[in-house]
Each structure stands twice: as C-alpha cells, then as structure tokens.
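So the structure is just underneath, and the comments pick up after that.
Number of protein chains: 2
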Amino acid sequence: MTTEKKKMSRLTKALLETAEDLHAGGLLKENTYKKITKRHLGEEEKPDLAPLSGEDIRTIREQAHMSQSVFADYLNVTVGYVSKLERGAKRPSGAALVLLNVIRRKGIEAIL
Amino acid sequence: MTTEKKKMSRLTKALLETAEDLHAGGLLKENTYKKITKRHLGEEEKPDLAPLSGEDIRTIREQAHMSQSVFADYLNVTVGYVSKLERGAKRPSGAALVLLNVIRRKGIEAIL
DNA sequence: ACATACTATAGTACATTGGACCATAGTAAT
DNA sequence: ATTACTATGGTCCAATGTACTATAGTATGT
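Chains as they are written, first to last, in the numbering used here: chain A, 258 to 369; chain B, 258 to 369.
Following this line, the structure appears as structure tokens:
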C-alpha cells in the first residue's frame, strides 16, 4: 500500500461542497436539493481515473483474495473477460474502469 | 427510504466469513490470506443484481442530484448514453449494472 | 429583453467491448 | 486416480457505448 494521499479530486470536493451549500439555509427543503450541474462545478476536469494495466487489475483482484471466477461474478462479467483483462488482451472501458478504480481505492467491500 | 433490510446476500456473507476464517489462527500470515475460490463459497448463487429499468436509473441519478452530464462523467460514460439508458433505448451491461446498483444501495459517495 | 450557455432528448453510423464458445494445461480436493 | 476447479488461449459476433449532429427548453448574465 502506498501512502494514498486522500485522492479526492477538486471536482469531488466541489461536488460535495456544492451539495452542502445548496442544502444549507432553510431555503431548500430537506428533500429538494437543487440539481448539481456543470454550471455549479465550473470548468473542473472530470474525475480522474487511473488507466489500469493488466497487472494493476490482477493486483486489485489479488488484494481482494479472490479467484478470477469469483471476482468476475462480483463484477458481473465473465471469467474469460477477467482473464483477458489481466493479460492485457482487452482493456476495461467506461463503468468497468470506474468500478475497478473504486475497488482499488476503497477495497472490495465498497461494492458489496 | 424504504426499510432496506440489510440486503447482504448469502454469497457476500459467506465471502466475508471465509475471509475471516482463513485469517483466523496464526496459520496464515497477516498478508497472505488464502485465495477465495468457488470451492470455498460452495454452490451459492451469484451476487444478486437488480435489472434496473430506465426509470430506475433516472431515479438513481436524481437521488444523486446530478444532471445527466455530471452523472455521466462520474460513470465515465457519455451524456448521450445516460440519456439512452434513462429512456430505455439501451440497457446497462456487466460492470455498469454493478456500479449503478452500488450507487443505488450506498449512494453516490460510495464511488467518490 | 436579448444573448449566451447549459440540459435533455433524439437519431444515425460506427468502433469496441465484452460474451459465447471452444480447447488446453495445471492445481487442489476426495 | 478421478473429479472439479483455476487460468490461459483462441475465434466469432452481438451488443454496448461513442461520436456526431440537431432540436427545444431552461437558466444565467448583461
């Protein structure tokens, strides 16, 4: 484990602050936070995702102490696909990349 | 919020118990849990994922108080795709479905 | 009021992901 | 030993998800 310096991006922080600001004061009802849009967040960069090599992915799975098959079930993908990911034969896209990043940062319990 | 009856599937519980069992006793070093495989978990069903209709997905996004665009950024997908999901023109697959389920169960902070 | 910038929808065409399916070799359990 | 699992390797191909464009509606700022 590296020092893991609380990698909450400016965007994330801005998001949470925006949510709190909108909620603060009695102007908004508990249940009707205003919607957070691009305007609120300004020109911040998108949430930063590590690209994740095959090795990275294997490491993530091993940290979860799972076989490819069990890991695949939790990701809702096939064993063959996990195998391909770890060998670099395929690259995770969109939501899969987010999910893997979450597991790396917060552990497998984050998705249980 | 519905009563949310601690929906930890048998599989999840088995997983965590297995991990603890393997760790218990001085037989295994702190860092060398044995790998959890299908054998350990027996013939349990896979983690149960709700199928998520377009309406569901819209609700999830609205609970996060985000515009489609901001939500899309966090899912690492395009705005157009989120729009299609909510309209039912496309259905989320594999990891995307897991991610949406996680957000629904644990809130958007679960992936920040 | 006007101009500007964002949200949301909608559609098409297309690239790629990720699954289905097969087979093989190695390892662990009985 | 035999059985069952893990992991790899490959091909084929449907479906996902992207890129692009356009429209209408809404919010912001001047």
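Glycine included, C-beta positions come from ideal geometry on N, C-alpha and C.
Residue environment, residue i, which counts as buried when at least 16 other CB atoms sit within 10 Å
i, result
"A:Pro349", "buried"
"A:Arg224", "In the structure as shown, chain A begins at 258 and stops at 369. Residue 224 of chain A is therefore absent and cannot be evaluated."
"B:Asp330", "buried"
"B:Ala352", "buried"
"B:Ile360", "buried"
"B:Pro308", "exposed"
Proximal residues of chain B, C-beta to C-beta of residue i below 8 Å
i, result
"A:Val339", "Under the 8 Å cutoff, chain B gives no residues; its nearest Cβ is about 11 Å from A:Val339."
"A:Leu298", "Val327"
Beta-carbon spacing of residue i, residue j below 7 Å
i, j, result
"A:Lys292", "B:Ser324", "yes"
"B:Leu298", "B:Leu354", "no"
"A:Leu356", "B:Leu356", "yes"
"B:Ala321", "B:Ile365", "yes"
Per-residue contacts from residue i into chain A (C-beta, under 9 Å)
i, result
"B:Thr294", "Met323, Ser324, Ser326, Val327"
Within chain B, the residues that residue i reaches when beta carbons sit closer than 9 Å
i, result
"A:Leu332", "Gly351, Ala352, Val355"
"A:Leu342", "Ordered by position in chain B, no residue passes the 9 Å Cβ test against A:Leu342, which lies about 11 Å from the chain."
Three-state secondary structure (DSSP) of residue i
i, result
"B:Lys263", "Note that B:Lys263 has pLDDT 49, beneath the 50 cutoff, so the model's placement of it is unreliable and no number is given."
"A:Asn288", "The predicted model places A:Asn288 with a pLDDT of 41, which falls under 50 and marks its position as unreliable, so this point remains unresolved."
Residues that residue i contacts on chain B, provided the C-beta gap is smaller than 7 Å
i, result
"A:Pro304", "Asp330, Tyr331"
"A:Ala367", "Ala367"
Three CB pairs or more closer than 8 Å across the segment 306–321 of chain A and the segment 336–346 of chain B: Counting Cβ pairs under 8 Å, fewer than three are found: no touch.
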